[in-house]
Structure formats: structure tokens, C-alpha cells
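Peer 1:
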Amino acid sequence: MNQNKLSSHKIKCRINYRHTLSELAVNRKDPCEVIRELISNSYDAQASNIKIFPLLQYFGFIFFDDGTGISSVKEVNGITPIDAFFSIGMSTKTLGSTIGYKCQGSKLCFASQKFALITRCGAENEPHWRTVIIDNPRDTLDAEKDYLEIVEDRQPWNTLKKLLSQPDTRTLPILKHLDEDFFNTQFQSGTLILVKGLEVEDFSNYYATSQECSYLKTYIKFFTRHGDVRILNSEKTGFQSTVAHDFK
2 MNQNKLSSHK
12 IKCRINYRHT
22 LSELAVNRKD
32 PCEVIRELIS
42 NSYDAQASNI
52 KIFPLLQYFG
62 FIFFDDGTGI
72 SSVKEVNGIT
82 PIDAFFSIGM
92 STKTLGSTIG
102 YKCQGSKLCF
112 ASQKFALITR
122 CGAENEPHWR
132 TVIIDNPRDT
142 LDAEKDYLEI
152 VEDRQPWNTL
162 KKLLSQPDTR
172 TLPILKHLDE
182 DFFNTQFQSG
192 TLILVKGLEV
202 EDFSNYYATS
212 QECSYLKTYI
222 KFFTRHGDVR
232 ILNSEKTGFQ
242 STVAHDFK
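Going by the numbering used here, 177 is the number at position 176 of the sequence shown; the sequence numbering is gapless.
(1) With DSSP collapsed to three states, give me the class of V201.
(2) Kindly confirm or deny that the stretch 127 to 146 and the stretch 204 to 212 touch, where touching means at least three C-beta pairs closer than 8 angstroms.
(3) What separation, rounded to the nearest whole angstrom, lies between the Cα atoms of P157 and T132?
(4) Give me the Cα-Cα distance between P82 and L56, rounded to the nearest whole angstrom.
(5) Please return the same chain residues whose Cβ sits closer than 6 angstroms to the Cβ of T120, not counting the five positions on each side in sequence.
(6) State whether the stretch 49 to 66 contacts the stretch 170 to 180, with contact taken as three or more CB pairs (one from each stretch) at a distance under 8 angstroms.
(7) Could you give the distance in angstroms between the alpha-carbon of A117 and the alpha-carbon of E150?
(8) Between which two residues does the beta strand (DSSP E) carrying V133 extend?
(9) Beta carbon of F62, beta carbon of V152: below 7 angstroms?
(10) Count the other C-beta atoms from every protein chain shown that fall within 10 angstroms of the C-beta of G79, then say buried if there are 16 or more, exposed otherwise.
(11) Is there at least one Cβ from chain D nearer than 7 angstroms to N185's Cβ?
(12) Note the first and the last residue of the continuous beta strand (DSSP E) segment covering I175.
(13) Rounding to the nearest angstrom, what Cα-Cα distance links Y220 and C33 in this structure?
(14) What's the gap between the Cα of E127 and the Cα of T186?
(15) Using 10 angstroms around the beta-carbon of E38, count the other beta-carbons present and answer buried if the total reaches 16, otherwise exposed.
(16) Per DSSP, what kind of secondary structure is L57 in: helix, strand or coil?
(17) Keeping to the same chain, check which residues put their C-beta closer than 7 angstroms to that of Q114; ignore five residues upstream and five downstream.
(18) Determine the extent of the alpha helix (DSSP H) in which I36 is found, giving its start and end residues.
(19) Quick check: F1 and F204, are their CB atoms within less than 7 angstroms of each other?
(20) Using beta-carbon positions only, say whether H129 and R155 come within less than 7 angstroms of one another.
(21) Going along the chain, which residues of its own chain have a beta-carbon closer than 7 angstroms to the beta-carbon of D31, five neighbours each way excluded?
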């Protein structure tokens, strides 16, 4: 027996969703940062329209874009986009060709009591939408061993009604807008995300839209590609003058 040979054993890498989400939540700079991350994803998905509906009744929001949708078929970098969405550190994006590539920021959606994803890929000619619903995603995703259930959803407008049960006067107009006609005419391709019970203190202070210049609207205006004023002074902010020129 060779006593100089070191013993060895195999280890299994594990990811603790609870810990990772806690770190993301602590390190985020603003309660609306999750919206910025989703908007970045929409740009990468070549969306033409983005709709954001704060759900003040449920301390959450609905986010919709009419981009390419999240495929569960086509693999990029060895993983499908929908698998990457629910994974930590796995991405189908390429550094330099997209806004987001680390596949982390959108995970802030999972720091909530309920999460739902409804998506449809126009390029794949899907005859239906696909839905994933998760209760307490921070705990559920930690416990998942093999899979999350993706359901073929032919009436997602009714799915929304079930998710937003007993709507009050703040929620009813949103459900009226996101009706069967909306899904059939404006949601041929794209992604809808619903979040309830988002872990944000004083939720209404950040997500209310009753004011003409609400915090959420102002945040989107100044901290997304819709209008990032940091480029106006490249010397102080670090933005290159060429970037400012291209933006204008």
C-alpha cells in the first residue's frame, strides 16, 4: 500500500437559492431595480412594447413584453432559456451582445410570496402559452430536485383571474385590460411575469402610480435605456462620450 497517496472523494456542488436571493436583495440599490432588470431582458428579447402594472392590492406587479418569448426547446450554451431563467449563474446570453448576461437580476422576482410566468414563442409557432406558477419561490426553488412544472395554457387570461382572486377597484381595470382579446391580439409572442408579495418595505411608496411623476415612472425614466441621464456628463459618470453620442 502506498502510504504517500492522498485519499480522495467526490463533492457535489449545490446552490442555496435562499442565500443567493438574500444576497441579491441586500445588495440591490433600489426597490424598483427588479423592474430595470426585466426591462433589460425585454430589450434583449427584441421587444417593441413593455407594459407594467403595479398590483397595489397584492404588493406586486405584472410585467409584460412582446419580445421573442422564453423558449423551452432551443438550447443555447447548453441550456434552454426557460431553464436558465430559473437557474443561478446559467445564461443563454453572450457578454457584449446583450444588456444582461449574468442571469441574476431577474431573480429578485423570486423574493416574493408567489411568482408566475406566462410565455409564448412566436418563432416556434406555439399554438398555446406556457405557464409556470410557484408559491414561495425562495423556499420552493431551494427544495426542487428535478423539475418545475410547465403547463400548456390555452386560456391564460383565466389563469390571471385565478391568481388575482377577489380583485378590488385597483386590480379590476388591470384584469379587464389583460383579457382574452389582449392575449390573442397583443400576446402572440412575449413574456408576462406576475409577482405577488414582493419583499419591499413601504411598497406603495415606490410602486404607486397615482402621482403624475411617481417614483416608479421616474426610476424607469432615469435608470433604463428609456432615458439614462448619467450619460450627459461623461467625465463625472464614466460614460464614454461615444456612448452618449450613440444614445442621442
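Note that CB positions come from ideal geometry on N, CA and C, so glycine has one too.
Here the structure is a predicted model, which is why all the values come from computation and not from measurement.
Peer 2: On the basis of the data shown:
(1) The residue labelled residue 201 in the question sits at position 200 within the sequence shown. Coil, per DSSP.
(2) no
(3) The sequence position of residue 157 within the sequence shown is 156, counting from 1. The sequence position of residue 132 within the sequence shown is 131, counting from 1. The alpha-carbon atoms of P157 and T132 are separated by roughly 8 angstroms.
(4) The sequence position of residue 82 within the sequence shown is 81, counting from 1. The sequence position of residue 56 within the sequence shown is 55, counting from 1. Cα to Cα, P82 sits roughly 27 angstroms from L56.
(5) The residue given as residue 120 occupies position 119 in the sequence shown. Only G70, I71, R131, T192 meet the Cβ criterion.
(6) yes
(7) Here the question's residue 117 lines up with position 116 in the sequence shown. Here the question's residue 150 lines up with position 149 in the sequence shown. Those two C-alpha atoms are separated by around 12 angstroms.
(8) For the purposes of this step, residue 133 is identified with residue 132 of the sequence shown, where counting begins at 1. Looking at the DSSP string, the run of the beta strand (DSSP E) that includes V133 is 130 to 136.
(9) Translated into the one-based positions of the sequence shown, residue 62 becomes position 61. Translated into the one-based positions of the sequence shown, residue 152 becomes position 151. No.
(10) Within the sequence shown, numbered from 1, the residue matching residue 79 stands at position 78. Exposed.
(11) Among the protein chains of the structure shown there is no chain D, as only one such chain exists.
(12) Here residue 175 is taken as the residue at index 174 of the sequence shown, counted from 1. Segment 173 to 178 is the alpha helix (DSSP H) holding I175; no beta strand (DSSP E) there.
(13) On the sequence shown, residue 220 is found 219 positions in, with the first residue counted as 1. On the sequence shown, residue 33 is found 32 positions in, with the first residue counted as 1. Those two C-alpha atoms are separated by around 7 angstroms.
(14) Residue 127 sits at position 126 when you count from the first residue of the sequence shown. Residue 186 sits at position 185 when you count from the first residue of the sequence shown. The straight-line gap from Cα to Cα measures roughly 15 angstroms.
(15) For the purposes of this step, residue 38 is taken as residue 37 along the sequence shown, with counting starting at 1. E38 should be labelled buried.
(16) On the sequence shown, position 56 is the one that residue 57 refers to. Three-state DSSP puts L57 in coil, outside helix and strand.
(17) The count along the sequence shown starts at 1 and reaches residue 114 at position 113. Excluding positions up to five away in sequence, the list reads N137, K197, G198.
(18) Numbered from 1 along the sequence shown, position 35 holds the residue referred to as residue 36. Residues 34 to 45.
(19) With the chain represented from 2 up to 249, any question about residue 1 goes unanswered, as that position is not in the structure.
(20) Here residue 129 refers to the residue found at position 128 when the sequence shown is read from its first residue. Here residue 155 refers to the residue found at position 154 when the sequence shown is read from its first residue. A contact, by the Cβ cut-off of 7 angstroms.
(21) In the sequence shown, the residue the question calls residue 31 occupies position 30. Excluding positions up to five away in sequence, the list reads Y220.
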